[in-house]
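Undergrad:
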Amino acid sequence: METVEMNSVSLKRPRSEDDVANADEIKRQKISEKSTTGNDSGQSVETVTEQPDKSLLEDTKNEIIPNEESEEQEDEELEDSDEDGDPESFADMMKHGLTESDVGITKFVSSHKGFSGILKERYSDFVVHEIGKDGRVSHLDDFSVPVDDEDPSEETFTVLSDEDKQRLEELQLLKNKETSVAIEVIEDTKEKRTVIHQAVKSLFPGLETKTEDRDGKKYIIAYHAAGKKALANPRKHSWPKSRGSYCHFVLYKENKDTMDAINVLSKFLRVKPNIFSYMGTKDKRAITVQEIAVLRITAQRLAHLNKCLMNFKLGNFSYKNHPLKLGELQGNHFTVVLRNITGTDDQIEQAMHSLREIGFINYYGMQRFGTTAVPTYQIGRAILQNNWNEVMDLILKPRPGAEKGYLVKCREEWAKTKDPAAALKKLPVKRCVEGQLLRGLLKYGMKNIISAFGIIPRNNRLMYIHSYQSYVWNNMVSKRIEEYGLRAVPGDLTLKGATAVHIEEDDVDNYTIHDVVMPLPGFDVIYPKHKIGEAYKEMLVADNLDINNMRHKIRDYSLSGAYRKIIIRPQNVSWEVVAYDDPRIPLFTTDLDKLEGKPLPVLPTDGKFRALKMEFSLPPSTYATMAIREVLKMDTSIKNQTQLNTTWLR
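Read in UniProt numbering, the sequence shown has 456 at position 456, and its numbers run on one by one without any break.
Structural data, given as structure tokens:
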């Protein structure tokens, strides 16, 4: 099998005369679409089916707990309002972003000729269905609620006025000095009082109720059962013993990442986000379908949210006795549309057959390294070097490229004054890493950067050093394929169970490239016994790190390492080329379309444009965009895709 090197990162592949002849039509189509669909600019955002490091699992829930609600709401409004603006200016700013070659992604395994295509021109062109540990693919196909005599009546959700709900929420969250809230019972009957009692207790966990007579009128008095503790722990005594403690459901979401979705659900339900659990996080710029579990919230309450949520749907409810755990999934199934493709039918057939039979290099995708002029791996390297001034500088210093306006002002203030209080005043969004670090510096002082950095959630801190590991791995795998090609050689590593062993000379014929693994650097891994083993050492020496001493004096930052297959063969691969005229119409039906009875889109037999619709399944910790990269033979970075899209606009 031949290996092919990626020699350039051009905006688009050189076009044939036929391509050039169609350029004016493409330009008119793109301009028309832009004027109609607004900010649907088609920037490529990586999608990862990531299986977290086991050391991350214990703290993951804490990562999504929002700050004080008003601050969170202000953050969301600011983030949503600061749009990217004109596509050409955005592309100009993205010139400072990363390309694949910057992070070691340089090789291909197939020999077919590449072709152009646009990835995620619309977020609905990228659909992800989670595959559970039992191999079942998650689908939203049922809105019904399990029948349960213990559930409150539908009137529970409407009996309280908006004003009552606001006062009860403030009482529940201890936002004012009131110790109780009185709700007058209009049209007093025992049944009406019962419904109000049920409504308060089910919609506002942690509150108790009682009935009082005041001036000849009946009032329901709501009060805290046990102060703050009751808010943190949903009411145990109100949950039927015969029902599983966790309500599992399928979450269908559009253009929203998993963390944001859970924060929205928790806000509507008036509970803390850490009572939700899931097997994996899903990308924002996509339609995704995954299983979620929540502690002691009824299916009836969850189903009620379908009436008021935008871009979310909840269904397939069931009660179980266990939550979900990160990493407990077989992977994800992808349905991807690449629009505006230029490849011939033969090129596409060759590309897809190669993807199915050989696979693709299991590179860590571009999302792993950030999108700005300061890659996350550089911060990770500084942490491992114990160079905390460099860590602080890399996170806070001014940087060229695409950033929110308030971040630019914050960085400028920091560069000018080195005053965390002054820089923080320029930063209305406090949840970002920069805001968290500045608050840490304000609390612990400039001479205690380690503690200041520790204010950032643990998962986010570890993301930096995992990014450095990924950067090393990508570079070493490219060297390995360049040096030895697509065959197993003596000195390579393979796994026997969970243990890595070297492939010996007299045994090499029993292995293929699909058996070979490469290590992420750490204190608990071994390295290949050929040139690449030395290359690992040389790369770390150049970064002032010792490959034989990957333990850090701060335990969290000690790297044990891991092993990763260098080639992945997707499963359940299928594809078809479809023609279309209008880039705004979807090219397939989603779960929600099917539930709502929407018909399949009617496509022309000979449209102006062609799209490649492909489906495949990937295991955890592999990147779908790296599979797509192998098909197109193109750079999938945001920098390149943005410039490609902008080029079509000219």
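Yeah, the Cβ is synthetic: ideal placement off N, Cα and C, and Gly gets one too.
Inspect the beta-carbon positions of Glu130 and Gly280 and report whether they are closer than 9 Å.
TA: Yes, the Cβ-Cβ distance between Glu130 and Gly280 is below 9 Å.
Undergrad: Less than 9 Å separating the beta-carbons of Leu495 and Leu559?
TA: No.
Undergrad: For Ser138 and Ala579, what's the separation of their Cα atoms in angstroms?
TA: Each residue's Cα considered, the two are about 29 Å apart.
Undergrad: For Lys496, which beta-bridge partners are listed by DSSP?
TA: According to DSSP, which records beta bridges pairwise, Lys496 is partnered with Thr499.
Undergrad: With a Cβ-Cβ cutoff of 9 Å, do Val517 and Gly359 count as a contact?
TA: No, they are not a contact pair.
Undergrad: Between Val264 and Lys256, is the Cβ-Cβ spacing less than 9 Å?
TA: The answer is yes: Cβ separation under 9 Å.
Undergrad: Spatial neighbours of Lys165 within its chain, please: CB distance less than 8 Å, with the 5 preceding and 5 following residues excluded, ordered by chain position.
TA: Same-chain partners within the cutoff: Leu203.
Undergrad: Tell me whether Leu600 is buried or exposed, calling it buried when 16 or more other Cβ atoms sit within 10 Å of its Cβ.
TA: By the 10 Å Cβ count, Leu600 comes out exposed.
Undergrad: So the candidates are Tyr123, Met352 and Met392; which of them puts its Cα closest to the Cα of Val577?
TA: Of Tyr123, Met352 and Met392, the residue nearest in Cα terms is Met352.
Undergrad: Note down the Cα distance separating Ser391 from Gly114, rounded to an integer number of angstroms.
TA: Strictly speaking, residue 391 in this sequence is Val, with Ser absent from that position. Cα to Cα, the separation comes out at about 39 Å.
Undergrad: In whole angstroms, give me the CA-to-CA distance for Lys210 and Tyr246.
TA: For Lys210 and Tyr246, the distance between alpha carbons rounds to 28 Å.
Undergrad: Which residues in the same chain as Arg555 place their Cβ atom closer than 6 Å to its Cβ, once the five residues preceding and following it in sequence are excluded?
TA: No residues qualify anywhere along the chain.
Undergrad: Rounded to whole angstroms, what's the CA-CA distance from Thr335 to Glu615? Just pull it up for me.
TA: Roughly 5 Å between the two C-alpha positions.
Undergrad: Please report how far the alpha carbon of Ala261 lies from the alpha carbon of Thr288, in whole angstroms.
TA: Between Ala261 and Thr288, the C-alpha separation is close to 11 Å.
Undergrad: Tell me the DSSP bridge mates of residue 663?
TA: Absent from the model: residue 663. The displayed extent of the chain is 1 to 650, so no value can be given.
Undergrad: For Tyr563, collect the residues of the same chain with a Cβ closer than 8 Å to its Cβ; drop the 5 residues on either side in sequence, then sort them by chain order.
TA: Once the five neighbours on either side are set aside, the close Cβ partners of Tyr563 are Leu493, Leu495, Ala500, Val517, Met518, Pro519, Leu520 and Val525.
Undergrad: With contact counted as at least three CB pairs below 8 Å, one residue from each stretch, are the segment 466 to 484 and the segment 366 to 386 in contact?
TA: Contact between the segment 466 to 484 and the segment 366 to 386 is present, because at least three Cβ pairs lie under 8 Å.
Undergrad: Per DSSP, Asp213 forms a beta bridge with which residues?
TA: Asp213 is bridged to Lys218.
Undergrad: Rounded to the nearest angstrom, what separates Trp575 and Gly607 at their Cα positions?
TA: Their backbone Cα atoms lie some 18 Å apart in a straight line.
Undergrad: If distances are taken between C-alpha atoms only, which option among Gly561, Ala299 and Ile566 comes closest to Leu486?
TA: Ranking the options by Cα distance to Leu486, first place goes to Ile566.
Undergrad: With respect to the beta strand (DSSP E) encompassing Ile131, which residues constitute its N-terminal and C-terminal limits?
TA: Counting along the chain, the beta strand (DSSP E) containing Ile131 begins and ends at Phe126 to Gly132.
Undergrad: What three-state label does DSSP hand Trp414 in the structure shown?
TA: Correct three-state label for Trp414: helix.
Undergrad: Measure the C-alpha to C-alpha separation of Tyr363 and Ala199 and round it to an integer number of angstroms.
TA: Rounded to whole angstroms, Tyr363 to Ala199 spans 51 Å at the Cα level.
Undergrad: Going by alpha carbons, who is nearest to Ser180 out of Asp215, Thr158, Asn389 and Ile220?
TA: Among Asp215, Thr158, Asn389 and Ile220, the Cα nearest to that of Ser180 is on Ile220.
Undergrad: What does the alpha-carbon distance come out to for the pair Gln385 and Lys553?
TA: Between Gln385 and Lys553, the C-alpha separation is close to 11 Å.
Undergrad: Measure the Cβ-Cβ separation of Phe523 and Ala286 and say whether it is below 9 Å.
TA: No, Cβ-Cβ distance for Phe523 and Ala286 is not below 9 Å.
Undergrad: For the putative contact between Asp141 and Asp591, defined by C-beta atoms under 8 Å, what is the C-beta separation to the nearest angstrom?
TA: Contact holds; Cβ gap of about 6 Å.
Undergrad: Given a cut-off of 9 Å, decide if Thr371 and Ile638 are closer than it, judged by their beta-carbon atoms.
TA: Yes; because the gap between Cβ atoms is below 9 Å, this pair is in contact.
Undergrad: If the criterion is Cβ atoms closer than 9 Å, does the pair Gly445 and Ile456 meet it?
TA: No.
Undergrad: Identify the residues that DSSP records as bridge partners of Trp575: which are they?
TA: Trp575 is bridged to Met614.
Undergrad: What does the Cβ neighbour count give for residue 653, buried or exposed, with the cut at 16 atoms within 10 Å?
TA: Only positions 1 to 650 of the chain appear in the structure, and residue 653 is not among them; the question remains open.
Undergrad: Take Glu349 as the anchor and find which of Asp188, Val631 and Lys190 has the nearest alpha-carbon.
TA: Measuring from the Cα of Glu349, the nearest candidate turns out to be Val631.
Undergrad: Could you tell me the boundaries of the beta strand (DSSP E) in which His197 lies?
TA: Counting along the chain, His197 falls outside any beta strand (DSSP E), though it belongs to the alpha helix (DSSP H) covering Lys190 to Leu203.
Undergrad: So the alpha helix (DSSP H) Asn460 belongs to, where does it begin and stop?
TA: From DSSP, the alpha helix (DSSP H) with Asn460 extends over Arg458 to Tyr484.
Undergrad: Thinking C-beta only, is Glu328 closer than 9 Å to Gly135?
TA: No.
Undergrad: Rounded to a whole number of angstroms, what is the C-alpha to C-alpha distance between Asn340 and Ser354?
TA: In a straight line, the C-alpha of Asn340 is about 21 Å away from that of Ser354.
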